[in-house]
Amino acid sequence: MSKVHVSTTVNGEPVEFLADTRDTLLDSLRDSLGLTGTKEGCGTGDCGACSVTVDGTLVCSCLMLGVEAQGKKIETIEGMANGAELHPLQRKFIEHAALQCGFCTPGILVASKALLEKNNNPTEEQVRYWLAGNLCRCTGYDKIIRAVMDAAAEMRGAA
Amino acid sequence: MSVSALLTPWFQRRCVSFVLVCGSTIALWVDLHLTFGQRKCIHKEHRFQKLQGICMNYHSPSSFADAARIAAQATGITRYLAGGTDVLVQMRAGAVTPDDIIDIKNIAGVHDISRTADGGFVIGAAVSGAQMGAHADLCAAWPGVVEGIELVGSTQVQGRATLTGNLCNGSPAADSVPGLVAAGAVAQVVNASGTRDVPIEDIPAGPGRANLAKGDVIASITLPARATGGGDAYMRFTPRTEMDIAVVGCSISLTVDGDTITSARVALGAVAPTVVLVPTAADAIIGTSLDDAAIDALVAAVTAAAKPISDKRGSAEFRKDVVGVLAKRVAKKAYARAKGEAV
Amino acid sequence: MVKVNLWSGLRHFTDGQVVVEVEAQTIGHMIDALVGKYPGLGPIFEGGISVAVDGDIVPPDTSKPIDDSSEIYLLQQMKGG
Amino acid sequence: MAKDTNMSDFRWIGTRPDRPDGLDKVTGRARYGADIQAANMLHAAVVRSPHAHARIVKIDTSKAEALDGVKAIVTRADFPTGLTGEDWDLQENTMAGERALYDGHAVAAVAATSAHIARDAAKLIEVEYEILPHVIHVDDAMAEGAPVIREGAAGPAVPPGLHPNVVGYTEFGHGDVAAEMAKADLVMERSYKTEATHQGYIEPHACMGQLGSDGKGEMWVCTQGHWYIRKMCAAVLGLETAQLRVTASEIGGGFGGKTTIFMEPLSLALSRKAGGRPVKLVMSRSEVLRATGPTASASMDVKMGMTKDGKITAATANFRMQGGAFPGSPYDMALYCAFAPYQIPALHHVGYDVLANRPKCAAYRAPGSPMGAFAVESLIDEMCAELGLDPMEVRIKNGSKSGDKASYGPTFGVIGLEETLVATKAHSNMSVPLGPNQGRGIAAGYWFNHGGETSVSVALSEDGTVQVSVGTPDVGGSRASMALMAAETLGIPYENVRVNIAETGALGVNEPTHGSRATFASGKAMHGALTQAINEMCKRAAAKWKIDPEAVEWKDGAAVPAGPNAGQFPPMTIEQIAKKMGSTGGPISGHHESVPGGVGASFGAHVVDVEVDPETGHTKILRYLVVQDAGRAIHPSYVEGQYQGGAVQGIGWALNEEYIYDDMGRLQNPIFLDYRVPVASDLPMIDTVIVEVPNPGHPFGVRGVGETGITPPLPAIANAVAAATGARIRHLPITPTKLLAAIKAK
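Protein chains in written order, with numbering that gives the first Met the number 0: chain A, 0 to 158; chain B, 0 to 342; chain C, 0 to 80; chain D, 0 to 745.
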């Protein structure tokens, strides 16, 4: 089977992989690069578990081909913490018990980070609408929203 | 027997996947069924060659002329790839495995929103909803058009979804299309013999189908300059607040002189096999100051124009009820915008 | 004799009785005694049931001791999510 | 809340430390079902029936076999024969035999060197079907002339003369219904329906199975209960249970839907056929919705008598549920729970379990209880409206108390419904003024909770830290509650406890994390195991001090002389004992196996405010309150999380979620775009109040909190919508289409 050689940057590191042209970026991340923190919940862009950023834009990695990653800058959950230092969102999610099963958590964290980079002082409604594409079936969202708002507040204070 | 038997297990997934892609109907999946019927016949004859053949050819041309040429020369199933938020869903569901997929995102200008000499907007084929929402002048001139594209999918989908893709996907419920139709936008269609302008309302041909020939590709969509005293708006009805397909959609673009509506275009989504332009609804409010009588006439006109079906997303009766409600709300919003009121 | 409250759907296996008395010192013995007395109950119990002893719902084969003062109800098998 | 006063007794219980697995789960490191890779691994795909009911005439796999990279294909012919009862049901559901019984029923599976090849090969498997008449809705399936899904499937309790699709029947009650109805000032009878919904866990089922020709196998799988996976796979494939070792991955939600098998045996069968290569099988979302275990749909008639002053005198219920093409709908649990919150002098219940051409239902959070509550709590509300009574007062007036007899017979132990209703009535949400098109609804709910087979072991490490091995997968923070209870019991820091979810080779049989049992049952068993270890540590101290072990007690993480007569010795800490254990008698551990009794039932009450758009029938949730008796909240944050998550699943069930079939019996919405679970922007914050009426049957008073919360939302929302619009919806979900039609019909 002929595969395509793809060179890209993931979490700041240059990487190369061979992609079947039918592989999604999600397939490439998980199966070719072993970055399984990004999850597949639906494969149709309806659950957000596969959220990553590509050149700074939040996308569903299940809705992008692996071969499209050529020359792009990809950020995944694995790159969110700065070494041993967790991102404030990651700390606040633990502190607020904003996860139960934890399966949707990587996608929600990546999406929330993208929000706070755009708007460091979102209203509850803005957070809820921004995250509408990230399904969570365990928490009823309450603690997730609180964790994002609290992380935003801390980051504003720190800034 | 064997071909259809072979297809049967697959067939269901296809219907499902297309329902999800664009709330489509029989017309779409029968159409596909045939495509696949042929494909599988080939598959059976040249099994091993076709085995490799299953691996899809990915093209990344640098000009629309090249893209059109590749498409024209392709022998199997061909798909253009812009945002990919529909085609990848179809591929994941096993509904479509293109032999050739043509990624247009490396063509110069496709990511740009540029202005025409008279102040209109040219929106490149790969411009995402997120880009449009971030474009202040576009949002100020055509808020209804932006409202439409911004309702397509999640924040994540917004990062990729395009006007062109939403249009070519051919869903009667496509949220960005009524706004384009109401705005009087035109698409620049490129093929081997050149480029032509096609009004948006002439492109949808039915659920999942577009009036585009083999080799045709939409390079951009042009919105006219916003006339002074102009305003537009789009609203849809969905059971959830987000992440839904429109059960009914309505967009109205109008201009006012003082309090009087001097021109209007009304477009409806999800109440017919395609997005429809409803001149009778426009006539109902042109020349009025959107008084109660005009609103009643508008509601009557859109309700009469709506020819919805009953499906899993809503009954025909419900759609006929709600299309009037939306038209009333949208008209008031567009009118207020035309008069420069903040809404 | 311990008094066992059946569900009334079992009546047609117990000559119309909804409360039956058997000699038993444990739940396990009680189940055996019931089946001995009313063989029609065998398949029902095989299919799985729960037993409530003084309000505590326990599995049917336990050696949990019971006496004449125990409140005993047979219930359909408990399932949880 | 009572909680705070109770708090003083404890050092760890009731605190909110970081969960032990938190870091793994916010960094993407936690490994779920599909996150596994193995050398030489194959990928599998499943061919599924597109028909609701069809005879399988022929399966031709030759083209698929010819495909490069295909290593194994299995059909039902590869499974052992002669199974009976539930084992046969499981096997038949795993892989169709003579007939496909529902849209999505597996008919063949293929393993190949890549997922793409496996999917391509699945498309090349030719299946010839003879389409048979099908039936989808429960009342149709019971009706004369309905297609028979399986002859002879009826259970022994089913009376003669019913349609063969009726496979289960129950009947129970007490008192003289006719006489008590006669005492009522108002007798009302209504019919209610709920549609099938799915648990909607975000992680699709995934496993990797490996099985050699020697019958020894391994499985990695996302499940609520890996001993159940082991038992069921062994039964379906005819394996020796102990030869199969099952490891539970982290689990991306279950809610009851991952307590049984669906495609797991296929990976093992394919592996065996592929020479023992590991086979990974991951479902797509549409496979999850079409071919796993949604809940039953229900059709229910309820009749009730009430006096002018709100006393319920008598009631009857007739519940009919379809649980798919196999026995097992929760018709019985629904009846047990329906009237449990109330004391009613005369009751009569009748229930039917009915087959239909749908996937085999699985448990879903308090199985059956939400349907029963929808019918009963809606009817109480309708009668309160008719009699001009306050629905809260009526519930308090009729509410069950400790020592009362439950509606299904047995006597309640210590229960907290009264405290729950009083706390609800007192909550500020009850007095928020409502605007136009707004309405408030309340409802109560009940779940038994469950003990179940449990085996736990604990072991002391050389440095005095403690490892706890449980068999109940952590679906929502149970590692934290286990570690808190262990720290409390031993008097050591929470951080010094490591809680592991052990694989099937490491412990005795454990039932799944179901029935809200993990913190109750594994916690209780862990307490027994720790007590054993503590006794051993006291013995080691006694030996050192040369005193009688009975003269030593355990206090604040150390062995101490029990009293002045025992002698004067400084406390011997767990660290000191651990350091020396190798030379004082060897490893110190404890284990406990039991089916714990003393289960404490949990009652809840919900209050919801909605606003309805009278022109579109759209319902918006403005405010939501959950009040529930936890017995004791070990980690209050995760208790609140259970309340909030259950409530939102109930909100989805009430408003938007349903299985929609076309007239060919094909599921029309097998994706998250059209199977509409609530999204963040649909909801307000979910307010919670944790009531704590400790359960005397648990060392720390735990009841179990997972399930009750999904029960009240269905009726509470229907009641709120009726209050807002005057339109009573008796058939869930309350879609805009239904509600607008009802508003117009007024």
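Glycine included, C-beta positions come from ideal geometry on N, C-alpha and C.
Integer-rounded CB distance, given that residue j should sit under 8 Å from residue i
i, j, result
"T273 (chain B)", "P203 (chain B)", "4 Å"
"S367 (chain B)", "A181 (chain B)", "Lying outside 0 to 342, the shown extent of chain B, residue 367 (chain B) is not represented and no answer is given."
"G651 (chain D)", "L739 (chain D)", "Between L739 (chain D) and G651 (chain D) the Cβ distance is about 20 Å, and since that is not below 8 Å, they are no contact."
"N495 (chain D)", "L354 (chain D)", "About 53 Å; that fails the 8 Å criterion."
"E241 (chain B)", "Y128 (chain A)", "6 Å"
"A205 (chain D)", "M299 (chain D)", "A205 (chain D) to M299 (chain D), Cβ: 36 Å. No contact."
"E263 (chain D)", "F102 (chain A)", "In fact, because the Cβ distance is near 19 Å, the residues do not count as touching under 8 Å."
"Y351 (chain D)", "G167 (chain D)", "7 Å"
"G103 (chain D)", "E286 (chain D)", "7 Å"
Residues near residue i in its chain [Cβ-Cβ closer than 7 Å; skip 5 each side]
i, result
"A517 (chain D)", "T471 and S477"
"T34 (chain B)", "For T34 (chain B), the predicted structure reports a pLDDT of 31, less than 50, and the residue's modelled location is therefore unreliable. A value from the coordinates is still provided. I76."
"D31 (chain C)", "none"
"P293 (chain D)", "A195, T196, H197, P358, C360 and Y658"
Residue environment, residue i, which counts as buried when at least 16 other CB atoms sit within 10 Å
i, result
"G151 (chain D)", "exposed"
"P158 (chain D)", "exposed"
"K230 (chain D)", "buried"
"N168 (chain B)", "buried"
"H52 (chain D)", "buried"
"D174 (chain B)", "buried"
"S68 (chain C)", "exposed"
"I54 (chain A)", "Strictly speaking, residue 54 (chain A) in this sequence is Asp, with Ile absent from that position. Exposed, by the Cβ-count rule."
"Q567 (chain D)", "exposed"
Interface residues of chain B facing residue i [CB-CB closer than 7 Å]
i, result
"N668 (chain D)", "K311"
"D184 (chain D)", "Within chain B, no residue comes near D184 (chain D); the closest Cβ sits about 39 Å away, beyond 7 Å."
Sequence-distant residues of the same chain with beta carbon closer than 6 Å to residue i, five excluded per side
i, result
"T222 (chain D)", "I228, A247 and K257"
"H449 (chain D)", "G514 and R516"
"T8 (chain A)", "K72"
"A335 (chain B)", "V342"
Proximal residues of chain D, C-beta to C-beta of residue i below 9 Å
i, result
"G82 (chain A)", "In chain order: nothing, as chain D lies at least about 11 Å away."
"L32 (chain A)", "Those within 9 Å of L32 (chain A) in chain D number zero; the least Cβ separation is about 11 Å."
"P42 (chain C)", "G154, P155 and A156"
"D53 (chain C)", "P409, T410 and G412"
Residue i: contacting residues in chain A (beta-carbon distance under 8 Å)
i, result
"I500 (chain D)", "In chain order: nothing, as chain A lies at least about 13 Å away."
Per-residue contacts from residue i into chain A (C-beta, under 7 Å)
i, result
"M90 (chain B)", "R21"
Contact set between residue i and chain C, taken where Cβ atoms lie within less than 9 Å
i, result
"M207 (chain D)", "Near M207 (chain D) there are no residues of chain C at all, since even the closest Cβ is about 26 Å away, more than 9 Å."
"Y363 (chain D)", "G80"
7 Å Cβ cut-off: residues of chain D touching residue i
i, result
"I56 (chain C)", "F447 and V598"
Residue i: contacting residues in chain B (beta-carbon distance under 8 Å)
i, result
"A151 (chain A)", "Going along chain B, no residue has its Cβ under 8 Å from A151 (chain A), so there is no contact; the nearest lies around 16 Å."
Neighbour list for residue i in chain C, Cβ cutoff strictly below 8 Å
i, result
"M299 (chain D)", "None at all; the shortest Cβ gap to chain C is about 17 Å."
Below-7 Å beta-carbon distance, residue i vs any chain F residue
i, result
"A96 (chain A)", "Absent here is chain F; the protein component of the structure consists of chains A, B, C and D."
Contacts around residue i, its chain only, beta-carbon distance under 8 Å, and the 5 residues preceding and following it disregarded
i, result
"M0 (chain A)", "Confidence at M0 (chain A) is low in this model, with a pLDDT of 49, below 50, so its placement is unreliable and the value that follows should be read with caution. Result list for M0 (chain A): D19, in chain order."
"L115 (chain A)", "L88, P121, V147, A150, A151 and M154"
Scan the segment 114-130 of chain A for residues whose Cβ lies nearer than 7 Å to a Cβ of chain B and list them as they occur along the chain.
Y128 and W129
At a CB distance below 7 Å, what residues from the segment 653-681 of chain D approach chain B? Give them in sequence order.
N655, I659, R665, Q667, N668, P669, I670, L672, D673, R675, V678, S680 and D681
Beta carbons nearer than 8 Å to chain B: which residues of the segment 39-73 of chain A have them?
G42, T43, G44, D45, G47, S50, V53, T56, L57, V58, C59, C61, L62, M63, L64, V66 and E67
Relative to chain B, which residues along the segment 0-24 of chain A have a C-beta separation below 7 Å, given in chain order?
M0, S1, V3, D19, T20, R21 and T23
Give the residues from the segment 514-536 of chain D that approach chain C closer than 7 Å (Cβ to any Cβ), ordered along the chain.
G514, S515 and R516
Taking a Cβ distance cut-off of 8 Å, strictly less, list which residues of the segment 724-745 of chain D are near chain B, in chain order.
T734, P735, T736, L739, A740 and K743
Under 7 Å, CB to CB, which of the residues in the segment 133-148 of chain A have a partner in chain B?
The residues in question: there are none.
What are the residues of the segment 153-178 of chain B that lie near chain A, defined by any Cβ-Cβ distance shorter than 7 Å?
S153, T154, Q155, V156, G158 and R159
Taking a cut of 8 Å between CB atoms, which residues from the segment 24-50 of chain C lie near chain D?
G39, P42, I43 and G46
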